[in-house]
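The opening residue of the sequence shown carries number 424 in this note's numbering; numbering runs sequentially from there. For each residue, glycine too, the CB sits at the ideal point set by N, CA and C. For reference, the structure is listed below as structure tokens.
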Amino acid sequence: MIEVISITLVIIGALIGAGFASGQEIFSFFYIYGKNGIYGILIMSILIGIFIYKSLKIIYQKQVYNYNDFLNLFIKNTKIRNVILWIVNVLLLVSFYIMVAGFGAYFEQEIGINRIIGSIVLNLLCVIVFFSNIKGVLKASNLIVPFLIFFIFFIGIKNIVQIRTIDFHQMKNNWILSMIIYNSYNFILLMPVLISLKKQITKEKNIKKVSILVTIIILILSINIFFLLLNANIKEIENQEMPIVYIISNYFNKYKKIYAFIVLASIFTTAISVGIGFLQNISKNSNSYPQFVLFMCITSLLMSNIGFSKLLNFIYPVFGYIGILQIVIIFFIN
Numbered sequence: 424m425i426e427v428i429s430i431t432l433v434i435i436g437a438l439i440g441a442g443f444a445s446g447q448e449i450f451s452f453f454y455i456y457g458k459n460g461i462y463g464i465l466i467m468s469i470l471i472g473i474f475i476y477k478s479l480k481i482i483y484q485k486q487v488y489n490y491n492d493f494l495n496l497f498i499k500n501t502k503i504r505n506v507i508l509w510i511v512n513v514l515l516l517v518s519f520y521i522m523v524a525g526f527g528a529y530f531e532q533e534i535g536i537n538r539i540i541g542s543i544v545l546n547l548l549c550v551i552v553f554f555s556n557i558k559g560v561l562k563a564s565n566l567i568v569p570f571l572i573f574f575i576f577f578i579g580i581k582n583i584v585q586i587r588t589i590d591f592h593q594m595k596n597n598w599i600l601s602m603i604i605y606n607s608y609n610f611i612l613l614m615p616v617l618i619s620l621k622k623q624i625t626k627e628k629n630i631k632k633v634s635i636l637v638t639i640i641i642l643i644l645s646i647n648i649f650f651l652l653l654n655a656n657i658k659e660i661e662n663q664e665m666p667i668v669y670i671i672s673n674y675f676n677k678y679k680k681i682y683a684f685i686v687l688a689s690i691f692t693t694a695i696s697v698g699i700g701f702l703q704n705i706s707k708n709s710n711s712y713p714q715f716v717l718f719m720c721i722t723s724l725l726m727s728n729i730g731f732s733k734l735l736n737f738i739y740p741v742f743g744y745i746g747i748l749q750i751v752i753i754f755f756i757n
């Protein structure tokens, strides 16, 4: 059971990054669809569980050690495989940029410190973990993620208990497409993380347990975030970089400092997960590894100036459409 929990925590850590913990993802992909967003969250959680189950089965049974090995099982054309691998690596790199931008945005929004300072702090923390590889990710996730899950669950239940009326705010209608896009870009982000966990799986039967546990946790956390957003008028939060941070500050002020840690820790766990995924895909040998770490960190500082919510709301949907190809590969190609 320790193995199941450890693997689950790494996967959850990869999923609940800056976009999730800040409420920006749930707001953009589910909340604006009103009560249909609840249906979207339910279906999304189930599909993520199925994806994890099918992917880990393939990784375990076919001895997949990197993303190229995975693609080679389904796509024999080298040129097509290289194009897909390039797209995935770009998404992982951009996702790292988004986490760095999110860290900087929090420093600027809540502390009043220049966002570049926050971005530098995250880069330094990530470098420490990158040079300890997957063991560092496991240690960080095992320490941080349980606290993240507990607090989001705690504040979410506290919020649901005290809600008097529920007023859903529906701004858009195409909730099914939004849910598919959300899943597809998460699938791209998750695959390198799942592959990196291959050596941690000692029993095939544990794959099903991990998949079910991740589904339940993501469902509960997503619903909690959704209902926290109901506290504010939509006009209050639609232009906020981090809507949940705004709500905690205004409606649950005594938990503000704790949630500050939650958001920053969530960003950190996702940054190291996608960062390791990118580095494992792109580094051909140990000599090139430090060079790519340096490249990733320096370019992330430049990209963080674009802004957290702008990066998230533009880049993720674009790669969401591209990620639909991976859904086809996993679910429909034998």
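Run of the alpha helix (DSSP H) containing residue i, from where it starts to where it stops
i	result
Thr692	679–705
Lys628	628–652
Gln623	Element bounds for Gln623: n/a, residue is neither H nor E.
Thr530	Just to set this straight, residue 530 is Phe in the shown sequence, not Thr. Segment: none, Phe530 is in no alpha helix (DSSP H) and carries neither H nor E.
Glu664	First-last for Glu664: undefined, no H or E at that position.
Asn546	538–553
Ile430	425–438
Phe715	712–726
Rounded Cβ spacing between residue i and residue j (contact assumed at less than 8 Å)
i	j	result
Val511	Phe526	In fact, because the Cβ distance is near 23 Å, the residues do not count as touching under 8 Å.
Ile641	Ile461	The pair is not a contact, with the Cβ atoms about 14 Å apart (cut-off 8 Å).
Met719	Ala528	Their Cβ separation, rounded to whole angstroms, is 19 Å, which puts Met719 and Ala528 out of contact at 8 Å.
Met614	Ser478	6 Å
Ile586	Phe650	7 Å
Ile498	Ser619	Going by Cβ atoms, the distance from Ile498 to Ser619 rounds to 21 Å, so no, they are not a contact pair.
Ser429	Gln663	Incorrect: roughly 35 Å between the Cβ atoms, too far for contact.
Met726	Tyr476	At roughly 34 Å, the Cβ-Cβ gap does not stay under 8 Å, so Met726 and Tyr476 are not in contact.
Ile604	Tyr744	7 Å
Lys480	Ile630	6 Å
Ile670	Asn654	5 Å
Ile690	Met522	5 Å
Asn597	Met467	Asn597 to Met467, Cβ: 15 Å. No contact.
Val517	Ile695	The Cβ separation is near 16 Å, so there is no contact.
Lys592	Gly457	Note that residue 592 is His in the sequence shown here, rather than Lys. Indeed they touch by this definition, with Cβ atoms about 6 Å apart.
Tyr488	Lys621	6 Å
Phe742	Tyr608	5 Å
Gly746	Ile599	16 Å between Cβ atoms; not a contact.
Ile482	Leu636	Actually they do not touch by this definition, with Cβ atoms about 17 Å apart.
Identified DSSP bridge partners for residue i
i	result
Tyr456	Gln593
Requested in this report: Return the chain-ordered ranges of every alpha helix (DSSP H) run that is complete within the stretch 449–507 and spans a minimum of 4 residues.
Outcome: 459–484, 490–497
**Report entry** Touch test, the stretch 566–586 against the stretch 434–447, Cβ-Cβ under 8 Å, three pairs minimum
**Finding:** yes
Query raised in the report: Do the stretch 495–512 and the stretch 692–706 meet, that is, are 3 or more Cβ pairs less than 8 Å apart?
Result: yes
Query raised in the report: On the three-pair Cβ rule with 8 Å, is the stretch 666–685 touching the stretch 572–579?
Result: yes
Query raised in the report: Per the contact definition of three or more C-beta pairs closer than 8 Å, is the stretch 444–462 in contact with the stretch 492–507?
Result: no
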